[in-house]
Structure formats: structure tokens, C-alpha cells
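In the working numbering, the protein residues as written are 784 to 1216.
C-beta atoms are modelled at their ideal positions from N, C-alpha and C, and glycine is treated no differently.
Remember, it's a predicted structure, so these values are computed and weren't measured experimentally.
All remarks here apply to the structure that follows.
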């Protein structure tokens, strides 16, 4: 295949893996011993049974380029040391494997005999592709929308405000209280709340559910009419400048409105990108409290600010653990505390928690229509997990997971109901007049 990669593109890509000050990068680039234990952890390999889907192969794609250009052995004896040229053929394989066959779920890390951080190296490979302009078009379009409009779906501010006003009227009618509200652009509130843009676009009842929780808790809160998007697909496309700009939008907006606590809506990667990666992107320590909405609801329950009657949710409920909130975020117990406080009959998937399988839509997969068939195919593993529980409701604190589970529900005819944690809690609320 003709090499269409320019020298300038190649230099930018190689600079990503040439940082000798990054000890983590150098360690993990050289750590994989190719034992193959990671194969049985990966949904892609378990589904397709092809060697190219083994996580170690994805690691080797990146490390083979490192060996070719950054070690003398690979430079002199490339075939002997499996050191690959960074050419069009290699880049095509990287795009297909690192974007199209990895949700960056991290399950492989848990099963790695020496703890190689495989998603970290996959992300480095994505960064290499990003500087060469090789991000899949649909994923890049999602990032472009967030950078250019303030949200990843490109919802005009007027449309968002109209939706919120309509939902507020519905909320006031339901609660029979004109003081109930979904507040916009109000300064000096305790909570600056964020949403996944798919909520105002397709799932407005999720907004109402959390508004009911805030109402029951007597919370002072607000949304921004411009920068409310909790997601950050810049974390997935490998463009750190774009990821930084998206994080900066929320950072600047909470300061503009003088919010005290940034509460991250139900989105796994958005919570990770803003809470844990955000300070690194922005090179600053936050001067406001940052927590997920699951943790906030947990606070409300423990303090008695909200009262729940779990018998109002009597159907069998199972929990899908979002990778970036549980395996990579430490919220395993907190999610279960909240769900068990709101539902009477909770059963676990097998496996669950930090060993649970990804929904299949992470890593930006839901934004990449090029890989829809592959994404739904690996989703059969999650469908089988759900079916085995005999649950009627699947609850998950991530709208990305909700979208994937909704498509799995339709594709595999599971006949289940999918809810966010806020929706489950709102259904169990006891609101005293």
C-alpha cells in the first residue's frame, strides 16, 4: 500500500510516544509480555474470536511503532523485533482496532497478569491518529459540535430553553406547586448541575426526575442555558486541545454563575473527563467541589433530606455498572446503596461490579456509526447477562449506557425497561406536603 502519511504528520504522531519524561508511557509501552490472558476479558475477542481483537494486539500496534523509531534494535532489525513502519497500512489498522474495536472499558487491565494499562496505550494511539487527522468522521463530528455549539448534539440555546420551560410547567403541574422549578442561569446556587444533551433531545423525563429529587431535598440549584453538557468526547477522539476546551466550558461557567458544587450528571466518561482528567487538561486545581449525581443522591438519603419508599419500585431491578464510574471510578458501593434504598428487589448480574462487562457503547463507540454492526454484535454479551437475571428493569447512572442498552433491548428483544438512577429514585420519592 502506498504511504500517504506525510513526514509532518508522522513527526507529530511520533512525538506522542517520544516523551522520555513520561515514565508511565515508557513503562507500559515496554511491559506487555504477550501472555494472552487479556483475550478472555475482551468483548470483541469473545464475540469475534479473531486474534486482532486481543487487547495485547492493540497494545502491540502502538509499541511496535515505538520500537521501530525509538529503539536501536527496532531500527536496525525491524522484522526480528516486530517493529512497524508508521505508514498508511499501519494507520488503517490502528483506526480499525483502536477506535473500532475497543471501548476503553479497562476490563482487560483487571485480568492482565502484570497490570498493563491497555486503555491508556489505546488512548495514546488515538492521540497519534488525531494529530494525523485520522479520527473517524462521525466521532469527530460529535466533538466539533461540542466545541462549536457548547453541546455534543448542537442543540440551539433557544430550543434548550424552550424544552426546559416546558418541562418546568409539567413538573409544577405534577407536584401542584408553582415553586417547583428547573432553574436556568441562576447565580450563587449550591449546585451547578449538568446534563447529557441526549436528555433534552430525547429523554426529557430524566431531567424532570432529577428536578423532583432536588425539589424533595429543598436544594438550591441551577443549570446553565449554554454550557450544561457533561460529556466530553474529546477524551475519546484523542485530541487533548479539544478535550481541554470542552472541560474549560464547564469550568468557566460554574465560575460565571458562582456555583459552589459541580454535580456531574449521569454520564460515565463525562464524569471521568471532568472530575479526574479535567484538572490535568486545565492545569489547575478546582476551587469548587466536584461530585457525581449518584454521590449527591446518596448524601440526600443519608442525611434524611429525601425520603424513599422502596416498595414503590417492586419490580425486579438489576444494575449495569458503567465502566468509568465503577471499574475506573470507585462508585460500586455508592451506586448499590442508592439503588437498594430505592428498589425492593435488586439482583446482580454475573459478573458484576468491577468485573462487569461494558455495555458495548463506551470509548466513543456510540458516536461512530461506522462500527454500529460490530457494536451491537458485542452487545449480545450484555444482553445475555441481563436475561440471566430475569430482571424487568435495568438501572444505570450513565446515558451513554442507556442508549446502548436501549438498542440492545430492541435488537435482542429483551422486553426490559431501562432507567437512570435519578429516574428510579424519583419513582420512590415520598414528598410530604
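Per DSSP, which one or two residues make a beta bridge with residue i?
i            : result
residue 1004 : 974
residue 967  : 1006
residue 1047 : 1075
residue 1202 : 1178
residue 1212 : 1091
residue 956  : Bridge partners of residue 956: none, in fact.
Please identify the residue among the options whose C-alpha is closest to the C-alpha of residue i.
i            : options                  : result
residue 1030 : 1101, 1162 and 1013      : 1013
residue 839  : 855, 850, 830 and 819    : 819
residue 1207 : 1197, 1192, 899 and 1175 : 1175
residue 826  : 853, 1125 and 1139       : 1139
residue 1018 : 1054, 813, 996 and 788   : 1054
residue 975  : 1039, 1192 and 1135      : 1039
residue 1049 : 981, 1009 and 1065       : 981
residue 1157 : 967, 1036, 1068 and 883  : 883
residue 1173 : 1204, 1153 and 1131      : 1131
residue 1027 : 1069, 1062 and 841       : 1062
residue 779  : 1016, 1125 and 946       : Only positions 784 to 1216 of the chain appear in this structure, which leaves residue 779 out of reach.
residue 949  : 1177, 1180 and 966       : 966
residue 1023 : 792, 799, 1033 and 794   : 799
residue 952  : 1097, 931, 995 and 794   : 995
residue 797  : 868, 1110 and 824        : 868
residue 945  : 1069, 1110, 1112 and 987 : 987
Can you tell me whether residue i is helix, strand or coil according to DSSP?
i            : result
residue 784  : Unreliable positioning characterises residue 784 in this predicted model, as indicated by a pLDDT of 35, which lies under 50. The coordinate reading is nonetheless provided below. Residue state, collapsed to three classes: coil.
residue 850  : helix
residue 1128 : strand
residue 1176 : strand
residue 1100 : strand
residue 805  : coil
residue 1012 : strand
residue 933  : coil
residue 1084 : helix
residue 1064 : helix
residue 1293 : Here the chain comprises residues numbered 784 to 1216, so residue 1293 is not present and cannot be evaluated.
residue 962  : coil
residue 860  : coil
residue 833  : coil
Assuming contact is defined by CB atoms lying nearer than 8 Å, are residue i and residue j in contact in what I supplied?
i            : j            : result
residue 1133 : residue 1159 : no
residue 1121 : residue 1080 : yes
residue 1137 : residue 1108 : no
residue 1186 : residue 1149 : yes
residue 807  : residue 845  : no
residue 922  : residue 905  : no
residue 970  : residue 1052 : no
residue 885  : residue 1146 : yes
residue 816  : residue 897  : yes
residue 1199 : residue 1178 : no
residue 1088 : residue 1209 : no
residue 894  : residue 1008 : no
residue 842  : residue 899  : yes
residue 1010 : residue 1033 : yes
Any heavy atom of the ligand FMN closer than 7 Å to the Cβ of residue i?
i           : result
residue 859 : Within the structure as shown, the ligand FMN is missing, as the structure has no ligands at all.
Does the segment 881-897 touch the segment 927-946, meaning 3 or more C-beta pairs lie closer than 8 Å? Between the segment 927-946 and the segment 881-897 there are fewer than three C-beta pairs closer than 8 Å, too few to call the two in contact.
Taking contact to mean at least 3 C-beta pairs separated by less than 8 Å, is the segment 945-965 in contact with the segment 1039-1049? Look at the beta carbons and you see the segment 945-965 not touching the segment 1039-1049: under three pairs across the two are nearer than 8 Å.
Cβ pair count under 8 Å reaching 3, the segment 983-992 against the segment 943-957: Enough Cβ pairs lie closer than 8 Å, so yes.
The segment 870-877 touching the segment 1081-1100, judged by at least three CB pairs closer than 8 Å: No, because fewer than three Cβ pairs between the segment 870-877 and the segment 1081-1100 fall closer than 8 Å, the two stretches do not touch.
Tell me, please, whether the segment 787-801 touches the segment 910-923 by the rule of three or more beta-carbon pairs shorter than 8 Å. Yes, since at least three Cβ pairs between the segment 787-801 and the segment 910-923 fall closer than 8 Å, the two stretches touch.
Using 8 Å as the threshold, is the segment 827-836 in touch with the segment 846-854, meaning 3 or more CB pairs across them? In short, these stretches do not touch, since the Cβ pair count stays below three.
Does the segment 1082-1089 come close enough to the segment 1160-1168 to have 3 or more Cβ pairs within less than 8 Å? The segment 1082-1089 and the segment 1160-1168 do not touch, with fewer than 3 CB-CB distances between them shorter than 8 Å.
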